[in-house]
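Chains as they are written, first to last, in my numbering: chain F, 1 to 116; chain A, 1 to 111. Ideal placement from N, C-alpha and C gives every residue a C-beta, glycine not left out.
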Amino acid sequence: GAVVSQHPSRVICKSGTSVKIECRSLDFQATTMFWYRQFPKQSLMLMATSNEGSKATYEQGVEKDKFLINHASLTLSTLTVTSAHPEDSSFYICSARVLRPYTEAFFGQGTRLTVV
Amino acid sequence: QKEVEQDPGPLSVPEGAIVSLNCTYSNSAFQYFMWYRQYSRKGPELLMYTYSSGNKEDGRFTAQVDKSSKYISLFIRDSQPSDSATYLCAMRANTGNQFYFGTGTSLTVIP
Numbered sequence: 001g002a003v004v005s006q007h008p009s010r011v012i013c014k015s016g017t018s019v020k021i022e023c024r025s026l027d028f029q030a031t032t033m034f035w036y037r038q039f040p041k042q043s044l045m046l047m048a049t050s051n052e053g054s055k056a057t058y059e060q061g062v063e064k065d066k067f068l069i070n071h072a073s074l075t076l077s078t079l080t081v082t083s084a085h086p087e088d089s090s091f092y093i094c095s096a097r098v099l100r101p102y103t104e105a106f107f108g109q110g111t112r113l114t115v116v
Numbered sequence: 001q002k003e004v005e006q007d008p009g010p011l012s013v014p015e016g017a018i019v020s021l022n023c024t025y026s027n028s029a030f031q032y033f034m035w036y037r038q039y040s041r042k043g044p045e046l047l048m049y050t051y052s053s054g055n056k057e058d059g060r061f062t063a064q065v066d067k068s069s070k071y072i073s074l075f076i077r078d079s080q081p082s083d084s085a086t087y088l089c090a091m092r093a094n095t096g097n098q099f100y101f102g103t104g105t106s107l108t109v110i111p
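Printed below as a string of structure tokens:
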């Protein structure tokens, strides 16, 4: 399988600051990357889908100005949580997909964000 | 109706038991079916991947897809305490990028 690396794994920040989370596909070029948010004991909630070189497509209810997604290359996507608030505290997970040879998605390790 | 339904459990079994995890879905366009294992505070890890109907076996894990019933299963034989995790089913259609996930089933294997 393919490897997706996500950093940092844990971050604590103060209210009002911004936090950047990186997602890298290590051994393949990801045509599409997904960003999810997961609340305790709940499933993955898709936030946005991004294709390299184009703007991300956000799911309904997700603020694009708050959750900035950049997919600048085929191996790197970043999620920036701007002006973070305590309610943004959550587990954020990226996944990456390439059409060939894989059709399934591979996940990063996740980032635990705590806003204090 | 949700696209994918999965019993959240929790499911608790003794070590060595056979575990059966299931998902149902409503969209007949789904062609790709996946099972992911997620340990606490970690990202999901792909376990099994199946295209269309049929069975697939990998070690102690067997994935089954019945498209006529819109029902997929993951069987774990000789379950181990290290299998304790949340298991997520996922699926997608032949076209488009979106994956649809179940809510996950929490499994505990008791030594």
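Helix, strand or coil: which one does DSSP assign to residue i?
i       : result
A:Thr82 : The amino acid occupying residue 82 of chain A in the given sequence is Ser; Thr does not appear at that position. A:Ser82: helix per DSSP, three-state reduction.
F:Glu87 : helix
F:Asp27 : coil
A:Ile18 : coil
F:Glu63 : coil
F:Lys14 : coil
A:Val4  : strand
F:Thr82 : coil
A:Asn94 : coil
A:Tyr25 : strand
A:Gly9  : coil
A:Lys54 : In the sequence under discussion, the amino acid at residue 54 of chain A is Gly, which differs from the Lys named in the question. Note: A:Gly54 maps to strand in three-state DSSP.
A:Ser69 : coil
A:Phe99 : coil
F:Ser43 : coil
Report the option in the options whose CA atom is closest to the CA atom of residue i.
i        : options                             : result
A:Thr62  : A:Thr95, A:Asn22, A:Ile76, A:Ile18  : A:Ile76
F:Thr80  : F:Ala48, F:Ala30, F:Pro40           : F:Ala48
F:Gln29  : F:Arg97, F:Thr114, F:Pro8           : F:Arg97
A:Val199 : A:Phe101, A:Arg41, A:Ser82          : The structure shown does not extend to residue 199 of chain A, since chain A spans only 1 to 111, so no value can be given for it.
F:Asn70  : F:Arg24, F:Val3, F:Thr17, F:Arg10   : F:Arg24
A:Tyr39  : A:Ala85, A:Gln98, A:Val4            : A:Ala85
F:Thr17  : F:Pro86, F:Glu104, F:Ser95, F:Cys94 : F:Pro86
F:Ala72  : F:Lys55, F:Lys64, F:Glu59           : F:Lys55
A:Ser69  : A:Ser52, A:Ser79, A:Asn94           : A:Ser52
F:Trp35  : F:Ile93, F:Gly61, F:Lys64, F:Val4   : F:Ile93
F:Asp27  : F:Gly53, F:Lys64, F:Glu59, F:Ala2   : F:Ala2
So which residues of chain F does residue i contact, with C-beta pairs closer than 9 Å?
i       : result
A:Gly54 : By Cβ distance, chain F contributes nothing, its closest Cβ being about 16 Å from A:Gly54, past 9 Å.
Mind listing the chain A neighbours of residue i? Cutoff is C-beta to C-beta under 8 Å, in chain order.
i       : result
F:Gln60 : Those do not exist, as F:Gln60 stays about 13 Å from chain A at its closest Cβ, beyond 8 Å.
F:Leu44 : Pro44, Leu88, Phe101
Can you give the beta carbon distance from residue i to residue j, rounded, assuming they're within the 8 Å contact cut?
i        : j       : result
F:Ser43  : F:Ser77 : Not quite, the Cβ-Cβ distance comes to about 21 Å (not below 8 Å), so this is no contact.
F:Val116 : F:Lys14 : 6 Å
A:Thr103 : A:Pro44 : With a Cβ gap of about 13 Å, A:Thr103 and A:Pro44 do not count as contacting.
A:Tyr71  : A:Asn27 : Rounded, the Cβ-Cβ distance is 13 Å, inconsistent with contact.
F:Thr82  : F:Leu68 : 6 Å
F:Ser89  : F:Met33 : That pair is no contact at about 22 Å.
F:Gln38  : F:Glu22 : Incorrect: roughly 18 Å between the Cβ atoms, too far for contact.
Answer with yes or no whether the minimum CB distance from residue i to chain D is below 9 Å.
i       : result
F:Val81 : Among the chains of the structure shown, chain D does not appear; the protein chains present are F and A.
Starting from the beta carbon of residue i, find every residue of chain A whose beta carbon is closer than 7 Å, and list them in chain order.
i        : result
F:Ala105 : Phe99
Along chain F, which residues have their Cβ under 7 Å away from the Cβ of residue i?
i       : result
A:Ala91 : Ala is not the amino acid found at residue 91 of chain A; the sequence shown has Met there. The contacting residues do not exist; A:Met91 stays about 10 Å from chain F at best.
Taking residue i as the query, report the chain F residues whose CB atoms sit under 8 Å from its CB, ordered along the chain.
i       : result
A:Arg41 : Phe91, Gly110, Arg112
Quiz item: Does the pairing of the segment 49-59 of chain A with the segment 99-109 of chain A give three or more beta-carbon distances under 8 Å?
Solution: no
Quiz item: Per the contact definition of three or more C-beta pairs closer than 8 Å, is the segment 102-111 of chain F in contact with the segment 4-19 of chain A?
Solution: no
Practice problem: Answer yes if the segment 82-90 of chain A comes into contact with the segment 22-34 of chain A, meaning at least three C-beta pairs across the two stretches below 8 Å, and no otherwise. | Solution: yes
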